[in-house]
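Have a look at the structure below before the remarks.
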Amino acid sequence: MAKPTTAPGTFVLPRAYQVFFLVIEPLAALVGAVYAHFFQEAYLTMTHAPSSPTSSPDGGGIPLGTSVVMSQLANLYLLFTLNEALVLRSTGDLRVWRTVLFVLLVADLGHLYSLRALGGRVYWDVLGWNAIDWGNVPFVYAGASMRSAFLLGVGLGGGGGEKAGVLGKKRA
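Next up, the structure:
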């Protein structure tokens with residue numbers, strides 16, 4: 001297959017970036033939003049079972065304030081979903097792509113930092129990970145790695161241009 005050609009000031013988004021940023025990650029963030037809003041007990045239990053409200057001696061369920069915060073978290077996951085699925089799809093401007101991916105990289109680092117209260121094992125104890133941990137640690141590392149690679153120009157063929165062919169199409 002011939003290598004796609006680009007005109008000056010354009011680039012073709014490599015397939016790996018297309019699939020990850022425009023499909024896989026938005027879907028994963030949407031799953032996080034659904035769980036954080038609609039399955040709060042499960043989300044909290046998988047995050048840290050001993051402190052989950054449902055594991056308290058009185059089994060009193062999720063406090064209202066915690067439920068509100070979980071819905072706010074769901075909203076942020078939805079924002080993440082929409083930024084990648086819609087904002088990145090809607091523009092071929094490389095500056096916008098770089099800015100959005102930089103902001104999401106900062107969010108990745110904050111997300112990883114927020115896990116510190118669970119102890120160092122959460123970052124490396126693969127055999128102890130549950131579904132939430134798989135989403136919180138290696139998937140976030142994968143996203144941060146993909147964003148870092150993009151920001152460093154890996155696979156972009158030196159495309160320092162200002163317009164991006166987001167789905168492999170050239171833009172003038």
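Residue numbers are given in the UniProt record's numbering: position 44 of the sequence shown equals residue 44, and the series is strictly consecutive.
Using N, Cα and C, we set each Cβ at its ideal position, and we do this for glycine too.
This structure is a prediction, so every number in the text was calculated from the model and none was measured.
Just to confirm my understanding: we take L167, look at its own chain, exclude 5 residues before and 5 after, and list those with CB closer than 6 angstroms. What are they? In this prediction, L167 scores a pLDDT of 49, lower than 50, which makes its location untrustworthy; the coordinate-derived value is nonetheless stated afterwards. There are no such residues.
G135 and G32 look like a contact to me (Cβ under 8 angstroms); what is the Cβ gap, rounded to whole Å? 6 angstroms
Exposed unless 16 or more other CB atoms sit within 10 angstroms - verdict on P26: buried
So, does the segment 83-102 touch the segment 16-24, judging by three or more C-beta pairs under 8 angstroms? yes
Can you check the UniProt domain "DUF7704" (12-154) for any alpha helix (DSSP H) of at least 4 residues that lies completely inside it and give the ranges in chain order? 15-19, 25-38, 40-47, 64-82, 94-114, 121-124, 131-136, 138-151
Should the segment 126-134 be called in touch with the segment 91-110, which here means at least 3 C-beta pairs below 8 angstroms? no
Checking 8 angstroms against the spacing of the C-beta atoms, do V154 and V137 come in under that value? no
For L118, which residues in the same chain have their Cβ closer than 7 angstroms to its Cβ, ignoring the five residues on either side in sequence? H48
Under 8 angstroms by Cβ, that's how I've got F139 and A28 pegged, so tell me the actual separation to the nearest angstrom. 6 angstroms
For G61, the nearest candidate out of S51, E41, V68 (CA to CA): E41
Quick check on G65: buried or exposed, where buried means 16 or more other Cβ atoms within 10 Å of its Cβ? exposed
Inter-residue Cα distance where the pair is A144 and S67: 28 angstroms
Quick check: the Cα distance between S71 and R98, rounded to an integer number of angstroms? 29 angstroms
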